Amino acid sequence: MPRDHENRENEDMTAGAKLDELYKNRGVRAKELHNAGAIVIGYFCCFVPDEIITAFDMVPYRIQGSQSEPIDEADAFLEPMACPFVRSCFNMALKGSYDFLDGFVAPHSCDTIERIYGIWSHHRPSPFNHMINVPHMQGPSSEAFYRSELDYFIKSLEDWSGRKLENGKLIKAVSLYNERRKVLRELYDLRKSDPPLVSGTEILKALVAGMGIPGAEHLALLRRYVAHVKERPKPRKDKTPRIFIWGNEIDDAAFIQLVEECGAQAVMDDLCTTTRSFWEEVPETTDPVEGIARRYLATHCPRNDVPQKECSRISDLEQRYGYIKKFIKDWAVDGAIFYIVRYCDTCELEGPDLREYLNSLDIPVLMIEDDYSISTIGQLRTRIQAFLEMIG
Amino acid sequence: MEQREQQGKTAAVKGTDMARKVRGMVKNIYQSAHEAKQAGGKVAYSMIMSQYDEILRAMDIVPLPTENFAGVCAAKRQMDRFLLQAEADGYSQSLCSYARIGLGFDSLRKEGSGIPDNSPDGGMAMPDMMLGSSSVCDPRYKWFQAAGRFLDVPRYNVDVVSPPIRANLEDTRDYYIRYQKEQFRGLIAFLEKQTGRKMSDDRLWESIRLCDEAWRLWYEIDRLRVAVPSPMPSQDHFSIMAAAHYYAGTQIAVDFYQGLYDEVKYKAANKNGVVPDEKYRILYGAGLPPWHTLWIFNYFESFGAVFVIENVYRAYDPVEVPSSVQDPVEYLAWRTFLRVTQWHEKASARSGNPYVEKLLEMAADYKTDGVVFHACRSCRASTLGQTHIKNLLGRYTDIPMMQLTSDMVDLRDYSESQWKAQIGAFIEALAARKRG
Amino acid sequence: MLFAGLDIGSTMTKAVIVDGNEKILAALVGPTGAEHRHLAFQVMDETVRKAGLSFEALDFIVATGYGRINVPFADKQVTEITCHARGIRAIFPGTRIIIDIGGQDSKGIKLNDAGTVANFVMNDKCAAGTGRFLEVISETLGIRLSDLALISAEAEGFVKISNMCTVFAEHEVTSRLAEGARIAEIVAGLHEAIAGRVVNMVRHLGIEKDVVVTGGPAKNAGLVKAIADKVGLPVWVPPEPFITGALGAALLGKGFAKRNATRNQTRRMESVTFFA
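Protein chains in written order, with numbering that gives the first Met the number 0: chain E, 0 to 391; chain F, 0 to 435; chain A, 0 to 275.
The structure is reproduced here in structure tokens:
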């Protein structure tokens, strides 16, 4: 018996270590698959469905930047007032880091991504280049339009690859990714205890690790990882402040790690790289593209305009942030930290609104605007500590 | 001091007489909104180039262009208190400065329960609704969402979609136009609810006719500007655009451009130039103008350099909607699609970039000697891609190009000494090329 | 009972020792400087001696400021925001807003009824609105920092400095000088500009009285007056604005000791690496 336990423990440890390794060496697995003949499709943001790419037997790759590498070459082609996350990704592309991509797909998620599509595909064209127009509005006509855009994306992929998308495969891909969503939510449930069984730093790494590998591989790793985390001994209650982190593209654990080092528990988050990208499931219908369109269009990105139901500030905020109220309650959040990577107009307009909403729930908010660089993150220590001292 | 300098220099330069009438027209935008409110009419915060102008006119809704108000504040150098108020409210200094001014104004209005004292042009009347759109950039719909913090009025945003450059128009046309039509239909339903009145198709057609006529005249005026010496400088363009955008769908705009057309035609025929000795012709390549420092055009002119044409704020040439289109809303959707895809074919055939194609054509037609871009620190939409365009242009033309950086309204991002040094070097480059 | 607070700022290091009755026994201010590797030790040692005490007699030591993490002998590290709030509360009990202008950053702190931090704002990315800005520009003008207040007192108005970027502002000052502007009016313009920047930042908090200005530049009466004008309320300045953070740290130490907070077990007076 003890031996079995030990074996499983070792294997489980491997899941965590493997995720850590994938986080540190991003792109290695995708490159390996590309070299073995697989088609790797790179994309930005939360609006390009992994399900469709997977159903084509291709590998979806969510493009990431690097907060530790300086942005040097990109400035000759892209203005410095562009989102620094995008500048960093483009800088990496210019240096050849994304040469393994067989396809480059940009959704029209915001002004910067829309603009980078033409610049990137000019300087570093992939064999397949495509832009998906994503409506900013919501409602039946927007869903129908987005569906047409997805159909057009599918047609373009078919024309380019010579493959035909099979409905059965798409239905299977939908349930695969829904399963992954479920396991991830399970992992998030393990943050509900005081203190959480898994740290925010670990969670971010586990998520980023999955962005460059086939969904099935990530799912298998997550299953083992979740089982391992569940086995962890329950720590003593420690009353450290429980923090909700909101913002945009955080694909490096440095910031969340700093928050945790300052004496807080990062227990919940709403970021481009976290819940925003996976929380809600795709409705499993016989017409999978329709379900995908509906799910992806409802992504909680500040670039989406949630229509007003009635003219009242309270109802408008509730309409937009009701889902966060659940996060706050169920994860017993004490305070929120916004971490906005600069030059994101939609986040910068959203921040004060969300702060107003959270304050109305008696949740204090620390709003931070920063560059996309770990070199300056240490400067934030005082602000974070002072905030924790204030709410503690 | 700078303002005095500005007036002094403006007088020395010969712009059009019609452009001088614009100040009154702009003032009237705000005045008429106040009057409409008093008379029980409906006023809407609006965004130009949202493609819905005629719908508003057909329903007697007075548009209040919030971006223009920011420009007015900057031109009068009265923007600081609005910017500071918005920043104190938590809006980042890197956020669109038009939005910061608008939000700052609304915040001050809420705080003081009334229009802030001495607001430029009497300030913006309290709107009955806010109508944003996704046309041009993200802040143009997000701003009104955020403004809900200060204004208890309904908002309605519409999508304005344009297919990516490489998209096959045959494959996409139908569903783009269908969506555009549905977006406008949604807006109309919202407006009918707000006003309690049905929109009349006849009135919409009439408004479309007037709008198309004004925009056609404006296009003709710009065609006249190919003349050497230049009969109308860019600083006039940044005034006279007011008629097309803020009086879209009205007889006022048609009459204004008819008058301007006659004047520019006369000046071109009589070789009546902007400066006595026109040495260099400049193309304003991209970027919102520096509203805070428009006299900088006069500084160029002191070297004999005239801005003869510009690629901002007159975004579309006239388009031909198929005559089979019988429904005015469908007409608007078609026109939108044709406008936004105007340069797709040429771009696909060569540079891959519609702006590059347009600028190359302008540079040739207007015989320009140089191109100037204006990068605005707080405007992603008009700034990102300028460097790329500049790089691409360099493959097809050897005329000197320069990118100046500041902001459209935030003076804190502007350094006069730096600009003057940069302009000096640019003029030298123009001179060197002329010498061959 | 004896409690010490050590505030290591970007330009100045400050130390305060108080007794159980919150009476200040000794206070010391010295430059931080990059080469002062044993600074924390030296300053503490000197302060202890000034008070006629021994290091071992200190019951609790709290370190604060930018260099707080580099004080191995401290029992606890607390941010300068919490410390300023505590220190100012001891001096001006009715304070609601603290404006702290530091060498390389500036802060606004709002206090609640209980006198603890309710909210704060910080500018830590840019020299504008900090002591550093004044330092750079006074160098350009060739005048001493300590003379700024006197010089601006002679001004009959001010020259508007619109650029808050230190580099741009330097250019601007040079060109205003070339245009013949008087130094007094330029200095007044600088005070006006910094005050505008700082007060605007503090407006995020909602300004209420009493307002206190602290930090080294608070010794500059010209700047304080400009701030008061912007705030539209009288502002108070502590008799020794440099040490409010260190004082707060010492007073917080008393609270920690009372609540039996864990002390640093390996506390030893030895050389420490600072700003390694």
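Beta carbons are placed, not taken as given, at the ideal position from N, Cα and C, and that holds for glycine. Bear in mind that the values here come from a model prediction, so they are computed numbers and not experimental data.
Distance, Cα to Cα, residue i vs residue j?
i: R276 (chain A); j: A113 (chain A); result: Because chain A here runs from 0 to 275, residue 276 (chain A) falls outside it and cannot be looked at.
i: K197 (chain F); j: T200 (chain E); result: 57 Å
i: G41 (chain E); j: K328 (chain E); result: 36 Å
i: A252 (chain F); j: V25 (chain F); result: 12 Å
i: L189 (chain A); j: I160 (chain A); result: 7 Å
i: A73 (chain A); j: F59 (chain A); result: 8 Å
i: S120 (chain E); j: I62 (chain E); result: 14 Å
i: A245 (chain A); j: F255 (chain A); result: 15 Å
i: R36 (chain A); j: P30 (chain A); result: Note that R36 (chain A) scores a pLDDT of 48, beneath 50, so its modelled location is shaky and nothing firm can be said.
i: A249 (chain A); j: G377 (chain E); result: 25 Å
i: K13 (chain A); j: A89 (chain A); result: 17 Å
i: K8 (chain F); j: L293 (chain F); result: Note that K8 (chain F) scores 43 on pLDDT, short of 50, meaning its location in the model is unreliable; the coordinates nonetheless yield the value given after this. Spanning the two alpha carbons is a distance of roughly 11 Å.
i: A260 (chain A); j: L251 (chain A); result: 11 Å
i: R293 (chain E); j: V281 (chain E); result: 8 Å
i: R180 (chain E); j: V212 (chain A); result: 52 Å
i: G247 (chain A); j: E21 (chain A); result: 10 Å
i: E262 (chain F); j: D16 (chain F); result: 8 Å
i: A124 (chain F); j: R319 (chain E); result: 28 Å
i: R222 (chain F); j: P79 (chain E); result: 35 Å
i: C343 (chain E); j: L94 (chain F); result: 8 Å
i: Q421 (chain F); j: M400 (chain F); result: 11 Å
i: L413 (chain E); j: E20 (chain E); result: No answer is possible for residue 413 (chain E): the residues shown for chain E start at 0 and end at 391.
i: G14 (chain F); j: A73 (chain F); result: 21 Å
So with Cβ pairs under 8 Å, would you call residue i a contact of chain F?
i: M366 (chain E); result: yes
i: D98 (chain E); result: no
i: G93 (chain A); result: no
i: F55 (chain E); result: no
i: R175 (chain A); result: no
Can you check whether the C-beta of residue i is within less than 8 Å of a C-beta belonging to chain A?
i: T381 (chain E); result: yes
i: A252 (chain E); result: no
i: R411 (chain F); result: yes
i: L209 (chain F); result: no
i: G89 (chain F); result: yes
i: L403 (chain F); result: no
Got a sec, what are the start and stop residues for the beta strand (DSSP E) residue i sits in?
i: V58 (chain A); result: A small correction: the amino acid at residue 58 (chain A) is Asp; Val does not occupy that position in the sequence shown. That residue, D58 (chain A), is in no beta strand (DSSP E); it is neither H nor E in DSSP.
i: M129 (chain F); result: 128-132
i: H129 (chain E); result: 127-131
i: K306 (chain A); result: The structure shown does not extend to residue 306 (chain A), since chain A spans only 0 to 275, so no value can be given for it.
i: L375 (chain F); result: With the sequence shown as reference, residue 375 (chain F) is identified as Cys, and Leu is not the correct amino acid for it. Its beta strand (DSSP E) spans residues 369-375.
i: W245 (chain E); result: 241-246
i: A25 (chain A); result: 23-30
Contact defined as beta carbons within less than 8 Å: I believe residue i pairs with residue j. What is the distance between those atoms, to the nearest angstrom?
i: E289 (chain E); j: R146 (chain E); result: 6 Å
i: T396 (chain F); j: V307 (chain F); result: About 16 Å separates the two Cβ atoms, so there is no contact after all.
i: I336 (chain E); j: I383 (chain E); result: 7 Å
i: P317 (chain F); j: W333 (chain F); result: So it is not a contact: roughly 13 Å between Cβ atoms.
i: S134 (chain F); j: S45 (chain F); result: Going by Cβ atoms, the distance from S134 (chain F) to S45 (chain F) rounds to 11 Å, so no, they are not a contact pair.
i: P126 (chain F); j: L150 (chain F); result: 7 Å
Any C-beta of chain E sitting closer than 8 Å to the C-beta of residue i?
i: R36 (chain A); result: With a pLDDT of only 48 at R36 (chain A), under the threshold of 50, the placement of this residue in the model should not be trusted, and no figure is reported.
i: R154 (chain F); result: yes
i: F255 (chain A); result: no
Starting from residue i, follow the alpha helix (DSSP H) in both directions and report where the run begins and ends.
i: H299 (chain E); result: Neither: H299 (chain E) is in no alpha helix (DSSP H) and is coded neither H nor E.
i: F167 (chain A); result: 165-177
i: R196 (chain A); result: 182-202
i: V328 (chain F); result: 327-339
i: G252 (chain A); result: 243-257
- prompt: Which of the residues in the stretch 75-91 of chain E, read from start to end, lie with their CB under 7 Å from any CB of chain F?
  reply: Flagged, chain order: F76, L77, E78, M80, A81.
message: To be precise: take each residue of the stretch 102-136 of chain E, compare its Cβ to all Cβ atoms of chain F, and keep it if any distance is under 9 Å. Which residues remain?
response: Listed in sequence order: A105, H107, C109, D110, T111, E113, R114, I115, Y116, G117, I118, S120, H121, H122, N128, H129, M130, I131, N132, P134, H135, M136.
- prompt: Just by C-beta distance, which residues in the stretch 333-345 of chain E are closer than 7 Å to chain F?
  reply: Correct list: R341, Y342, D344, T345.
Contact list for the stretch 286-320 of chain E against chain F, Cβ threshold 9 Å: Hits within the stretch, in order: P301, R302, D304, V305, P306, Q307, E309, C310, S311, R312, D315, L316, R319.
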